[in-house]
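Report on one structure; see the data block that follows.
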Amino acid sequence: MTVRTPLSALALVSPVQLMVGGIIFLPAIYVFWLSLNQSSFGQAMSFVGFANYAKVLGDPYFWRALLNTVIVVVVVVHVELLLGLLMALFFASGVPFRPILLAIVLAPYAVSEVSAVVMWRYLFEPDVGMMSQMLAWFGLPPIEWAVKPSHGLFMVSLLSIWLHLPFSFIIIYAARLSVPGELYEAGAIDGATGWTAFRRITLPLLMPALLIAALFRYIFAFRLFSEVWLMTGGGPARTTEVLAVYLYLEAFRYNAFGSAAATGWLLVLASLLLALFYLRGLYREMFAKHA
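Residues 1 to 291, numbered by UniProt numbering, are exactly what the sequence shown covers, in order.
Structure, rendered in structure tokens:
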């Protein structure tokens, strides 16, 4: 038996569909068309096919930016998920002064990225920064994020985790609060230890929330730009570039709009491939059981 959708229902959802199409799909189609053309300021577009993609894929700076992006994204997302899970379990255990601690934990999400970068640049300034002096007090060398690429990527990752950890935490914490307490009582009656209850009750029930948080953070982290651009500018010698910075330079420093558009589509494809594992896991956890 085929169920037909009423015309009134289609009329109600059509404005949203038109808005989504106008805001997302039409610009995406235009960017794809732009990626097939050679274009710059004051120059008419000329069709070159997939030459821009070949140019970008043949650029060693692109592959370095892609590698930096994957490293930063993988580290940031998984560390955020781990810390968010630990914090959610800590808060759900009945910690005192919970409202005050929640306000402290969520505070970084209210800080603008520009303000955060300025603050962190000052705190980790190698000579006079408070954090650098603290590292020196413990006998550790300073983080030379302005001259060493590995230190620069570490600083960018640390800053991104600090800024966006509240997002992952609040999703996981909300899911933890929705777990019925009767399940833990039943597990305790059956002799389950704390670790067994975590493996058999908490983690399976939190898995959909973990996958959703991971998926959103992959999407957001792959667009990483402000932290890198304001912290290191992609330097030294373009060694800390990520894909979004590479795209920006192609478009607004080298005025190669076709190459920038091709980079944008490659960025979308790379992020989708990296998130494919989580999309499949999310489907199995939330939809496959009810299919």
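Glycine included, each C-beta is placed from N, C-alpha and C at the ideal position.
Predicted model only: the values in this text are computed from it and were never measured.
Kindly indicate the opening and closing residues of the alpha helix (DSSP H) around residue i.
{"i": "residue 46", "result": "Segment 43 to 47 is the beta strand (DSSP E) holding residue 46; no alpha helix (DSSP H) there."}
{"i": "residue 167", "result": "149 to 177"}
{"i": "residue 101", "result": "98 to 106"}
{"i": "residue 218", "result": "203 to 222"}
{"i": "residue 186", "result": "181 to 189"}
Here's a check: name, in chain order, each residue in its chain whose Cβ is nearer than 8 Å to the Cβ of residue i, leaving out the five neighbours to either side.
{"i": "residue 18", "result": "none"}
{"i": "residue 102", "result": "91"}
{"i": "residue 59", "result": "none"}
{"i": "residue 255", "result": "40 and 41"}
{"i": "residue 334", "result": "No answer is possible for residue 334: the residues shown for the chain start at 1 and end at 291."}
{"i": "residue 278", "result": "211, 214, 215 and 218"}
{"i": "residue 135", "result": "141, 142 and 143"}
For the candidate residues the options, whose alpha-carbon lies nearest to that of residue i?
{"i": "residue 71", "options": "270, 118 and 55", "result": "270"}
{"i": "residue 140", "options": "146, 131, 148 and 147", "result": "131"}
{"i": "residue 238", "options": "147, 127, 52 and 28", "result": "147"}
{"i": "residue 160", "options": "78, 138 and 279", "result": "78"}
{"i": "residue 234", "options": "219, 156 and 167", "result": "156"}
{"i": "residue 116", "options": "195, 226 and 8", "result": "226"}
{"i": "residue 124", "options": "223, 65 and 143", "result": "143"}
{"i": "residue 73", "options": "199, 33, 260 and 158", "result": "158"}
{"i": "residue 152", "options": "229, 240 and 35", "result": "240"}
{"i": "residue 260", "options": "186, 54 and 236", "result": "54"}
{"i": "residue 127", "options": "114, 113, 112 and 145", "result": "145"}
{"i": "residue 228", "options": "114, 284, 13 and 183", "result": "114"}
{"i": "residue 27", "options": "264, 280 and 275", "result": "264"}
{"i": "residue 162", "options": "104, 195 and 177", "result": "104"}
{"i": "residue 165", "options": "108, 63 and 10", "result": "108"}
{"i": "residue 175", "options": "192, 87 and 95", "result": "87"}
{"i": "residue 80", "options": "220, 245 and 22", "result": "220"}
{"i": "residue 167", "options": "122, 85 and 118", "result": "85"}
{"i": "residue 94", "options": "177, 192 and 136", "result": "177"}
{"i": "residue 247", "options": "112, 25 and 61", "result": "61"}
Residue range of the beta strand (DSSP E) that residue i falls in?
{"i": "residue 40", "result": "37 to 40"}
For a test of the three-state rule: what should DSSP assign to residue i, helix, strand or coil?
{"i": "residue 277", "result": "helix"}
{"i": "residue 328", "result": "Because the chain spans 1 through 291 in this model, residue 328 falls outside it and cannot be assessed."}
{"i": "residue 128", "result": "coil"}
{"i": "residue 241", "result": "coil"}
{"i": "residue 116", "result": "helix"}
{"i": "residue 68", "result": "helix"}
{"i": "residue 93", "result": "coil"}
{"i": "residue 291", "result": "Here residue 291 scores only 48 on pLDDT, less than 50, and its place in the model should not be relied on; the value that follows carries that caveat. DSSP places residue 291 in coil when its eight states are reduced to three."}
{"i": "residue 58", "result": "coil"}
{"i": "residue 122", "result": "helix"}
{"i": "residue 1", "result": "With a pLDDT of only 45 at residue 1, under the threshold of 50, the placement of this residue in the model should not be trusted; the figure read from the coordinates follows. Correct three-state label for residue 1: coil."}
{"i": "residue 139", "result": "coil"}
{"i": "residue 25", "result": "helix"}
{"i": "residue 12", "result": "helix"}
{"i": "residue 232", "result": "coil"}
{"i": "residue 145", "result": "coil"}
{"i": "residue 193", "result": "coil"}
{"i": "residue 254", "result": "coil"}
{"i": "residue 198", "result": "helix"}
{"i": "residue 111", "result": "coil"}
Tell me which residues share the same chain as residue i and place their Cβ nearer than 6 Å to its Cβ, disregarding the 5 neighbours each side in the sequence.
{"i": "residue 69", "result": "242 and 243"}
{"i": "residue 38", "result": "46, 48 and 258"}
{"i": "residue 267", "result": "243"}
{"i": "residue 10", "result": "none"}
Please check if any C-beta of chain B sits within less than 8 Å of the C-beta of residue i.
{"i": "residue 51", "result": "The structure shown contains no chain B, having only a single protein chain."}
Less than 7 Å between C-beta atoms, sequence neighbours within five positions excluded: which residues of the same chain meet that for residue i?
{"i": "residue 273", "result": "none"}
{"i": "residue 122", "result": "129"}
How about the stretch 193 to 206 and the stretch 38 to 50: do they share at least three Cβ pairs that are nearer than 8 Å? no
Per the contact definition of three or more C-beta pairs closer than 8 Å, is the stretch 164 to 173 in contact with the stretch 207 to 226? yes
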